[in-house]
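Protein chains: 2
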Amino acid sequence: MTIKEVAEKFDMTNDTLRYYEKVGLVGPVKKNSSGMRDYSESDLKRIEFIKCMHSAGISIEVLKKYVDLYDEGESTKLERQHLLEEEQDKLEEKIRTMTEALDKLKYKIELYKTNKLDEYL
Amino acid sequence: MTIKEVAEKFDMTNDTLRYYEKVGLVGPVKKNSSGMRDYSESDLKRIEFIKCMHSAGISIEVLKKYVDLYDEGESTKLERQHLLEEEQDKLEEKIRTMTEALDKLKYKIELYKTNKLDEYL
DNA sequence: TATTGACTTAGACTAGACTCTAAGTGATAA
DNA sequence: TTATCACTTAGAGTCTAGTCTAAGTCAATA
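Chains A and B, in that order, give the protein sequences. So the first sequence is numbered by the working numbering: it starts at 16 and just counts up by one. So the second sequence is numbered by the working numbering: it starts at 16 and just counts up by one.
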């Protein structure tokens, strides 16, 4: 699969895909006889996982660490699990924070709708 | 209330408070006779609201726009409401995205725990 | 009185995550 | 066969949201 096709599939830019490869999140991606990237199935699966995790707010740095541990092999299994568990905690905390903010936002919108605004902001 | 006290109360830095004032999110904060900031109750309420919304991922730019509309007065009420409704939609979408990612993360951790990992990454 | 410490300002710097530019290569269409 | 187009690289530039620095002021303590 070409870089363009991958970019379209995952709705990201070619630049972002090359950037992910440069920092070592993906690949190195195989090149065809003309030197152009040809993404494999497993490249695609990595990209999907990374995109999903990154869109949830997990940093490139943390994802890179995970990928590096993965590439080191079996011996890092437990460390990888712990890394994921930490990210799970952070993610749950973030969702809580956002849900709280959402509630406040909804309350404020309610004030607007019922014309009961007399507050600061 | 001094800048230090406010920073402690909301767990942010003096620098961030000055930055918020510089971009017009808060204040202008009153100064005492020695030229030092003395935050009022309504400054504190703004800061609390802004901190909460920003921690949920609403950008400084959007918050600034809201504050500016607020300061323009009554006539912008409907526009402000619409702005908040848009942010509500975005926030709900973000929470959905993050919840999806969280589910995938939990599933992956389960694979680690039951030693069923045979996948990519 | 001298120094310490918390504040003030303007403005430079930083990190993270891209995003763009310039210069070049290879395959295909006119 | 020349032009066009999608790709390649290295490296520079951008944006957001701070964060830090330098130089200075003021009040309180040694």
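Glycine included, C-beta positions come from ideal geometry on N, C-alpha and C. Quantities reported herein were computed from a predicted structural model and do not represent experimental measurements.
The C-beta distance from lysine 119 (chain B) to cysteine 67 (chain A) rounds to 6 Å, short enough to meet the 8 Å contact threshold.
Cβ neighbours of leucine 98 (chain A) within its own chain (closer than 6 Å, five residues either side excluded): Tyr81.
Taking 9 Å as the threshold, the shortest C-beta distance from glutamate 102 (chain A) to chain B falls below it. Each residue's CA atom was taken as its position, placing glycine 42 (chain A) and tyrosine 35 (chain A) some 9 Å apart. When the beta-carbon positions are compared, methionine 113 (chain A) and methionine 113 (chain B) come within less than 9 Å of each other.
Residue burial is scored here from C-beta neighbours: aspartate 30 (chain B) has fewer than 16 other C-beta atoms within 10 angstroms and is therefore classed as exposed.
Annotated three-state conformation of lysine 46 (chain B) is strand, per DSSP.
Counting every other CB atom within 10 Å of its CB across the protein chains shown gives valine 38 (chain B) a total below 16, marking it as exposed. In the DSSP assignment, the residues bridged to arginine 52 (chain B) are B:Lys46. For leucine 117 (chain B) against leucine 117 (chain A), the beta-carbon gap comes to about 16 Å, at or over 8 Å, which does not count as contact. Within chain A, no residue has its CB atom less than 9 Å from the CB of phenylalanine 25 (chain B), the nearest being about 14 Å off.
Nearest C-alpha to aspartate 104 (chain B) among B:Lys92, B:Tyr127, B:Thr17 and B:Gly72: B:Gly72. Sequence-distant Cβ neighbours of leucine 84 (chain A) in its own chain, meaning closer than 8 Å and more than five residues away, are Thr91, Glu94, Arg95 and Leu98.
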